[in-house]
Each structure stands twice: as C-alpha cells, then as structure tokens.
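First up is the structure itself, then whatever we jot down about it.
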Amino acid sequence: MAHPKRRQSSTRRDKRRTHDKAAVPQIAKDSVTGELHLYHRAHWYEGKLYYRGQVLIDSTEAAE
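All the letters of the sequence shown, read from the start, carry residue numbers 4 to 67 under the numbering used here.
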C-alpha cells in the first residue's frame, strides 16, 4: 500500500469529496404546519420559527 511522504491538507481532501454535494437540496414537509423547508433548517411560518415541529421563537407574543 502506498504511503505519502507528507500529509495532505484537509482542505484538499474536502475538495475531492464535494462533487456529490452539487445535487438538488433535500426538501422536507413540516408535520405541524405542512410547510416545505430544507432539511436541518428552521423556517418561519405565521410569525413563528419552527424546527422539527416545535416553536423556537414566537414573534407574535413579543409584539403584543
């Protein structure tokens, strides 16, 4: 097995692994609101910030 004389940088390794990441982003449907959003991302719906079906921030309460 070949062994390198010096270590390659992690940036160089990551560049080599990015060719599959250029695909269409995955979209999920929130079970509570029914809104479409990107996986692993919070999304706003009617003044509330939702993540995984739970309210993180409710801006309607702060305004009142």
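Using N, Cα and C, we set each Cβ at its ideal position, and we do this for glycine too.
For Asp17, the enclosing alpha helix (DSSP H) starts and ends at 13-19. In this structure, Tyr42 places its C-beta atom within 8 Å of the C-beta atom of Gln29. As the crow flies, the alpha-carbon of Thr36 is around 8 Å from that of Tyr48. Linking Asp33 to Ser13 through their CA atoms gives a straight-line distance of about 35 Å.
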